[in-house]
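This report refers to the structure that appears directly beneath it.
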Amino acid sequence: MMYRFLLAVVRFLTFFINTNARYIGRDNLPKEENYVLVGPHRTWYEPLYFAMGAWPKKFSFMAKKELFDNPILGFILKKCHVFPVDRENPGPSAIKTPVKALKNTDLSVMVFPSGSRYSDDLKGGAAVIAKMAKVKIVPAVYQGPVKFSRLWTKRRVTLAFGEPIDISDIKKLDKEGIAEVERRMQKAFKELDNQINPDFVYVKPEKKEKK
């Protein structure tokens, strides 16, 4: 109930802030099975747009454990199927928790393989989760303002969902196997970006130095 309520609030707020959003490829989203939704991480609020675009499918999310230090925020996050992950030392739960959700609930899982808006590298977590849960990977991309303040300019926000990536043919997730999954994801991201706007170039935000 909390997930449904907060998503409705988010839908209202995002429409109020920016009425110029569109979704492409919703028919690619599996309707009768769970999946791992992946995307290049371009802004902190793109998961909200992905969740709205994929509704009525609900998701489980990873979030850095520091967000759970606030008891009120931590309570809300848990009610919205968010689980904590230690980015510095991710333990087995970073894989086991989403796999369990995919196998035993009606929740799909949203993962950003790069892990950070400042990174271009794809990590193997999404591949391992999908392989262990025996589900497909659905690629998605966000194009639009990457700073929250620019959403108010009413610039177009576009989300595109690609065809599910079946990795059942990859028998072993060794170095070569993970590299192949990452290649397929990267190829899908590029195709989706080209479908929206062939001239699109993502400019990474400057990372603030810790003092």
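For what it's worth, the working numbering labels the leading residue of the sequence shown as 2, then goes sequentially. C-beta atoms are modelled at their ideal positions from N, C-alpha and C, and glycine is treated no differently.
Going straight from the alpha carbon of residue i to that of residue j, what length do you get?
i: Val147; j: Gly178; result: 32 Å
i: Met2; j: Cys81; result: 9 Å
i: Ile73; j: Lys79; result: 10 Å
i: Arg184; j: Ala64; result: 25 Å
i: Phe16; j: Lys155; result: 10 Å
i: Gln144; j: Tyr46; result: 12 Å
i: Ser169; j: Ala52; result: 25 Å
i: Arg5; j: Lys188; result: 33 Å
i: Phe13; j: Phe149; result: 16 Å
i: Arg23; j: Tyr50; result: 10 Å
i: Thr106; j: Glu192; result: 31 Å
i: Asp70; j: Gly54; result: 30 Å
Taking Cβ to Cβ, would you say residue i is nearer than 8 Å to residue j?
i: Val142; j: Val37; result: no
i: Leu174; j: Ile25; result: no
i: Pro114; j: Ala127; result: yes
i: Lys101; j: Pro85; result: no
i: Pro31; j: Ser61; result: no
i: Ala167; j: Lys137; result: Reading off the sequence, residue 167 comes out as Asp, not Ala. Yes.
i: Met186; j: Val11; result: no
Report the partner residues of residue i according to the DSSP bridge assignment.
i: Tyr143; result: Leu160
i: Leu30; result: Leu30 is not bridged to any residue.
i: Arg243; result: There is simply no residue 243 to check, as the chain begins at 2 and stops at 212 in what is shown.
i: Leu108; result: Lys59
i: Ala64; result: Pro85
i: Lys137; result: Tyr36
i: Ile166; result: Ile138
Grab me the residues of residue i's own chain with a C-beta within less than 6 Å of its C-beta, minus the 5 sequence neighbours each way, in chain order.
i: Arg157; result: Asn21
i: Gly125; result: Ile179
i: Arg151; result: none
Taking its Cβ as the centre, do 16 or more other Cβ atoms sit within 10 Å of residue i, making it buried, or is it exposed?
i: Tyr119; result: Per-residue confidence for Tyr119 stands at a pLDDT of 44, beneath the threshold of 50, marking its modelled position as unreliable; the derived number appears in the next sentence. The residue in question, Tyr119, is exposed, as its Cβ has fewer than 16 Cβ neighbours within 10 Å.
i: Phe190; result: buried
i: Arg43; result: buried
i: Ala9; result: exposed
i: Leu68; result: exposed
i: Val202; result: exposed
i: Leu103; result: buried
i: Pro199; result: exposed
i: Phe76; result: exposed
i: Asn19; result: buried
i: Pro93; result: exposed
i: Asp194; result: buried
i: Pro41; result: buried
Could you name the residues of the same chain whose beta carbon sits closer than 7 Å to that of residue i, not counting the 5 residues immediately before and after it, in chain order?
i: Glu181; result: Ile171
i: Phe7; result: This sequence places Leu at residue 7; Phe is not what is there. For Leu7, where only same-chain residues beyond five positions count, the Cβ hits under 7 Å are Cys81.
I'd like the list of long-range same chain contacts for residue i, defined as Cβ closer than 8 Å, with 5 residues on each side in sequence excluded.
i: Asn29; result: Val139, Phe162, Gly163, Glu164, Pro165
i: Ile130; result: Val37, Ile96, Pro99, Val100, Leu103, Val110, Val112
i: Leu108; result: Asn35, Lys59, Phe60, Ser61, His82, Ala102
i: Ile197; result: Ile25, Val142, Gln144, Thr159, Ala161
i: Trp153; result: Ile18, Asn19
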